[in-house]
Amino acid sequence: MERSGKKFPDYHRLDIDLSAEVFPGTLALAFDVDPSPADPATSHAKLVTGRRGTYRLEYVPSEGLPAGTRLAFVKLTNTLNVGWRLQDYLPTGLNYVTAEDGAGDRLPLEAWTEYKPKGLAIVSLPHGLKANASVTLRIGDKRQGGPGAVVQGATMDNARIVAGVALPGENEFRTAPEAMVTVAVHPVPCIHRYSVFAPSTAAVGDSIRVVAMALDINGNSLPAGDVRISGRGIEVESVASTNLGSIQVVARPMSAGILALELTDSQNGLSARSNPIQVAAAPHRSIYWGEFHSHAYDGLEINELNHTTSPESLYRYGRDVTRLDFLALGSHIFRQDPSGPGKWWEIARAAASALHEEGSYIPFLGCEWRDAESRGGDRNLVYRDLDAAPPDPTWTVEEIFSNMRGAGLVTPHVGGTVAMPHHHDSATEPLCEMTSGHGNFEWFAQAYLAKGWKLGLIGGSDGHVGTPGHPRRPSTQGSGRFWHQLRFRDVGWSGGPLMAVVADSLTRESLCEAFHARRTYASTGARALLEFSVDGHAMGASLEARGPVAVALRVVGTAAVQRGDLIRGDRRLKRWEPGTTVFQAELDDLPTRGETYYYIRVEQEDGEMLWSSPVWVKSDCDGSDDGLPAWNQPEAIDLLDVPDLGAGEHLSDLLRYLRTEEEEEDFDRITPWRIVLSPMGPYAVFLGYFRGSRIRIHWFYDFELPRIRLEPGWVQYGRERVQGIQWPVAK
Numbered sequence: 025m026e027r028s029g030k031k032f033p034d035y036h037r038l039d040i041d042l043s044a045e046v047f048p049g050t051l052a053l054a055f056d057v058d059p060s061p062a063d064p065a066t067s068h069a070k071l072v073t074g075r076r077g078t079y080r081l082e083y084v085p086s087e088g089l090p091a092g093t094r095l096a097f098v099k100l101t102n103t104l105n106v107g108w109r110l111q112d113y114l115p116t117g118l119n120y121v122t123a124e125d126g127a128g129d130r131l132p133l134e135a136w137t138e139y140k141p142k143g144l145a146i147v148s149l150p151h152g153l154k155a156n157a158s159v160t161l162r163i164g165d166k167r168q169g170g171p172g173a174v175v176q177g178a179t180m181d182n183a184r185i186v187a188g189v190a191l192p193g194e195n196e197f198r199t200a201p202e203a204m205v206t207v208a209v210h211p212v213p214c215i216h217r218y219s220v221f222a223p224s225t226a227a228v229g230d231s232i233r234v235v236a237m238a239l240d241i242n243g244n245s246l247p248a249g250d251v252r253i254s255g256r257g258i259e260v261e262s263v264a265s266t267n268l269g270s271i272q273v274v275a276r277p278m279s280a281g282i283l284a285l286e287l288t289d290s291q292n293g294l295s296a297r298s299n300p301i302q303v304a305a306a307p308h309r310s311i312y313w314g315e316f317h318s319h320a321y322d323g324l325e326i327n328e329l330n331h332t333t334s335p336e337s338l339y340r341y342g343r344d345v346t347r348l349d350f351l352a353l354g355s356h357i358f359r360q361d362p363s364g365p366g367k368w369w370e371i372a373r374a375a376a377s378a379l380h381e382e383g384s385y386i387p388f389l390g391c392e393w394r395d396a397e398s399r400g401g402d403r404n405l406v407y408r409d410l411d412a413a414p415p416d417p418t419w420t421v422e423e424i425f426s427n428m429r430g431a432g433l434v435t436p437h438v439g440g441t442v443a444m445p446h447h448h449d450s451a452t453e454p455l456c457e458m459t460s461g462h463g464n465f466e467w468f469a470q471a472y473l474a475k476g477w478k479l480g481l482i483g484g485s486d487g488h489v490g491t492p493g494h495p496r497r498p499s500t501q502g503s504g505r506f507w508h509q510l511r512f513r514d515v516g517w518s519g520g521p522l523m524a525v526v527a528d529s530l531t532r533e534s535l536c537e538a539f540h541a542r543r544t545y546a547s548t549g550a551r552a553l554l555e556f557s558v559d560g561h562a563m564g565a566s567l568e569a570r571g572p573v574a575v576a577l578r579v580v581g582t583a584a585v586q587r588g589d590l591i592r593g594d595r596r597l598k599r600w601e602p603g604t605t606v607f608q609a610e611l612d613d614l615p616t617r618g619e620t621y622y623y624i625r626v627e628q629e630d631g632e633m634l635w636s637s638p639v640w641v642k643s644d645c646d647g648s649d650d651g652l653p654a655w656n657q658p659e660a661i662d663l664l665d666v667p668d669l670g671a672g673e674h675l676s677d678l679l680r681y682l683r684t685e686e687e688e689e690d691f692d693r694i695t696p697w698r699i700v701l702s703p704m705g706p707y708a709v710f711l712g713y714f715r716g717s718r719i720r721i722h723w724f725y726d727f728e729l730p731r732i733r734l735e736p737g738w739v740q741y742g743r744e745r746v747q748g749i750q751w752p753v754a755k
């Protein structure tokens, strides 16, 4: 479909090279929020996450500038987000960029209109500018009716923006130390909700560690209020605050069964419940939570090393704030930067070695390797031992498989490039990341499983804000999968998804054994209990059958289970809709001839999802797929019959957003459905069509400027791919 031209010219990046030479001048920044009076600009700006307003950058040269001079405004900190995409062509749209001189006269400019702007804008001076006169760049200029810009949702310290000068005939931009501002982004100073993280399994009478955290509306941690912690059948021994803002609780479960802790903050009128704890006299195996895919400093993408981007900071956050049991870094290694790992590998090794504690917390060394889709895509490397040598970013995927044999494991995932199933090595690749901060990708797991490859299913945050294990939150950074189809990329989760592993003990050796045995399940973030077996064989196992097999499953959710889908091969064998927090079922099934696999897909009423790893069954039975729907069978929904369960009151706001920010004609038959009260805040669900294909829209209406998430189909489990080469979809 052709773009209208008015809204969507060709997107472009800016060619900005900064010189080592100096041109004297100053830069200051303010963020103007209506109806507040304009604050004076400063060289050390303090912003509040999620606020809507206007970035006002003021540059003052110390010397006069002749006509034809160009001024460049550039982020030095790549991860500072001032807008997913800037624009200089739609005054009523988001992130509209303007420039003017001290007299208020408009100046011509070019904005970085491609995604992830680094160079913000280049302003041209058609006339001279006197020394100590000013040029003002506004990002999110609201003066012509636009909504402004939105401060990023995640906190950040000491981000930097610089201004540079290129006189007529110069190609590089000269700057000065005084022509730089630092930016700190702070939480909203109001507790919006709490999260409470407990171990999933425990023995009667043993001491357990529980962590609680207070969150603002954007999901950033805050110092907690005066809270009370209690739980039926649990003795609370101590409650203490930490310098990271979390609350550390030591408790002791005194009876067997499914227990939980309750948190109450009476002053703020808030309460929260921990994830369920399976307590037994002597647990056979335990469930441990962690992930392989949280990014720290890498020297290029996350290009500044500080206390929020360091490997030590991430490892500590996972242990002390979100109560992970294990964590592997997923920092990038880039082919174009072969020396990159040398900038951070030893830092990570020292941090992991210092924090490693058998039975308590296991940090792993790891990284994310990338190549083109046809040559391997995005894969995470996780090293078993902490004495591993730094990886080589120029390795081919075949060299990765060879070098990782016996040294650790590799996990393919959907990221900047997709690790499509063109390559696989069973010895090193036992697991597949099929839910992440980008979304859910069951189609990706099915693509591997359909080839007969045996991979367990896991989640990983792909987080870039230093908060591994953090609950999902709608990201203002834009990390959804409707990437090139929209002017503003839809939101991802800025973290959230995790993996659970069933292991004998919390040791490096035991965890690695469980990873390779595929005793894992994937979660979008809910630390629910999930058991799944076929003829008594647990997740990840293989067996042979000469007759019907007994499929058994049990879920103890963090919310009521809305739906459970039993998948056999590429077919949906059975659907349950229990509506209860505890759900268990048994089913006898005659397998199809040859080898097939079974797994369970679980969706909670709060929007959280889980997937078990498959169990593989080889049989000579004559079970049939006849009449069974595909694993991703389109839902039998007539939009005319969809009941409006509360979403309708948000329809006009959604349509106004689409008319203003996107090509309205791309969307058709947008139908309000229901409200989901999710752990990341409420959202309205709409069903409809986007360019002729089914689309599901999540509209997070609680924010000052609502945030939008798109899912392919009318489901959210990832039924098909939405960008690049289309994977065949079962009919």
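Here the sequence shown stands for residues 25 to 755, numbered as in the working numbering. Every residue, glycine too, gets a C-beta built ideally from N, C-alpha and C. Just so you know, these numbers come straight off a predicted model, no measurement behind them.
Query raised in the report: DSSP three-state call for Asp125: helix, strand or coil?
Result: DSSP places Asp125 in strand when its eight states are reduced to three.
Query raised in the report: Under the three-state reduction of DSSP, which class applies to Arg733: helix, strand or coil?
Result: Note: Arg733 maps to strand in three-state DSSP.
Query raised in the report: How about Pro85 and Asp165: are their beta carbons less than 9 Å apart?
Result: Going by C-beta atoms, Pro85 is not nearer than 9 Å to Asp165.
Query - Rounded separation between Leu678 and Ile732 - CA only - result: Rounded to whole angstroms, the gap between the alpha carbons of Leu678 and Ile732 is 9 Å.
**Report entry** Cα-Cα separation, Trp467 to Asp486
**Finding:** Straight-line Cα distance between these residues: approximately 18 Å.
Query raised in the report: Which partner residues of Arg551 appear in the DSSP bridge assignment?
Result: Answer is none; Arg551 lacks a bridge partner.
Report task. Tell me, to the nearest whole angstrom, how far the beta carbon of Glu453 is from that of Leu433; I am working on the premise that it is less than 8 Å. Result -> About 7 Å; that satisfies the 8 Å criterion.
Query - Close-in-space but distant-in-sequence residues of the same chain around Pro362 (CB under 8 Å, 5 per side omitted) - result: Closer than 8 Å at the Cβ level, and outside the excluded window around Pro362, lie Asp416, Pro417, Thr418.
Report task. Give every residue of the same chain whose Cβ lies closer than 6 Å to the Cβ of Glu370, excluding the five residues on either side of it in the sequence, and list them in chain order. Result -> Result list for Glu370: empty, nothing under 6 Å.
Requested in this report: Would you mind stating whether Thr695 and Gly74 have Cβ atoms separated by less than 9 Å?
Outcome: No, they are not a contact pair.
Query raised in the report: Per DSSP, which one or two residues make a beta bridge with Thr435?
Result: DSSP lists Asn404 as partners of Thr435.
Query - Beta carbon of Arg403 nearer than 9 Å to that of Ala451 - result: No.
Query raised in the report: Between Glu328 and His356, is the Cβ-Cβ spacing less than 9 Å?
Result: No, these two residues do not count as a Cβ contact at 9 Å.
Requested in this report: State the DSSP-derived secondary structure class of Leu679, mapped to helix, strand or coil.
Outcome: The answer is helix: DSSP assigns Leu679 an H, G or I state.
Query raised in the report: Beta carbon of Ala352, beta carbon of Val406: below 9 Å?
Result: Their beta carbons are under 9 Å apart, which means Ala352 touches Val406 by this criterion.
Report task. State the Cα-Cα distance for the pair Asn267 and Arg399, rounded to the nearest angstrom. Result -> For Asn267 and Arg399, the distance between alpha carbons rounds to 45 Å.
Query raised in the report: Which value, in whole angstroms, describes the spacing of the CA atoms of Thr160 and Glu45?
Result: Thr160 and Glu45: Cα-Cα distance of roughly 23 Å.
Query raised in the report: Which residues bound the alpha helix (DSSP H) around Trp467?
Result: Segment 466–473, the alpha helix (DSSP H) holding Trp467.
Query - Unbroken stretches of the alpha helix (DSSP H), 4 residues or longer, contained in the segment 311–397 - result: Runs found: 335–344, 369–379.
Report task. Closer than 6 Å by C-beta to Leu71: which residues in its own chain qualify, once you throw out the five before and the five after it? Chain order, please. Result -> Around Leu71, the same chain offers Phe55, Val175, Val209 as residues with beta carbons nearer than 6 Å, after the five sequence neighbours per side are excluded.
Query - Where Ala541 sits in the DSSP three-state scheme - result: Here Ala541 sits in helix by DSSP.
Report task. Kindly give me the distance between the Cβ atoms of Gly92 and Ala155, rounded to whole angstroms, as I take these residues to be in contact under 8 Å. Result -> 17 Å between Cβ atoms; not a contact.
Report task. Pick out whichever of Glu688, Phe47, Ser460, Asp650 has its Cα sitting closest to the Cα of Glu196. Result -> Closest option to Glu196, Cα to Cα, is Phe47.
Report task. State buried or exposed for Lys475, treating a residue as buried only when at least 16 other CB atoms are found within 10 Å of its CB. Result -> Exposed, since its Cβ has fewer than 16 Cβ neighbours within 10 Å.
Query raised in the report: Rounded to whole angstroms, how far is the Cβ of Val525 from the Cβ of Leu553, which I believe are closer than 8 Å?
Result: Contact between Val525 and Leu553 does not hold, since their C-beta atoms are separated by about 13 Å, which reaches or exceeds 8 Å.
Query raised in the report: Can you tell me whether Ile386 is buried or exposed, with buried defined as 16 or more other CB within 10 angstroms of its CB?
Result: In the assembly as shown, Ile386 is a buried residue. Its beta-carbon has 16 or more other beta-carbons within 10 Å.
**Report entry** Pro33 in three-state terms, based on DSSP
**Finding:** The three-state secondary structure of Pro33, taken from DSSP, is coil.
Report task. Would you tell me roughly how many angstroms separate the C-alpha atoms of Ala200 and Pro492, rounded to the nearest one? Result -> Roughly 36 Å between the two C-alpha positions.
Requested in this report: Return yes when the Cβ of Tyr218 is within less than 9 Å of the Cβ of Leu285, no when it is not.
Outcome: Not in contact: Leu285 and Tyr218 (Cβ atoms no closer than 9 Å).
Query - Reduced DSSP secondary structure (H/G/I, E/B, other) of His674 - result: Helix at His674.
Query raised in the report: CB Tyr713 to CB Phe691, shorter than 9 Å?
Result: Yes, the Cβ-Cβ distance between Tyr713 and Phe691 is below 9 Å.
Report task. Assess, as a yes-or-no matter, whether the segment 272–287 is touched by the segment 220–232 under the definition of 3 or more beta carbon pairs within less than 8 Å. Result -> Yes: the two stretches touch, three or more of their Cβ pairs being nearer than 8 Å.
**Report entry** Beta-carbon proximity of Asp613 to Gly647, cut-off 9 Å
**Finding:** The Cβ atoms of Asp613 and Gly647 sit closer than 9 Å to each other.
Query raised in the report: Does DSSP put Val251 in a helix, in a strand, or in coil?
Result: Three-state DSSP puts Val251 in coil, outside helix and strand.
**Report entry** Given Ile482 as reference, the closest of Pro436, Ser270, Asp668 once Cα atoms are compared
**Finding:** Comparing Cα positions, the closest option is Pro436.
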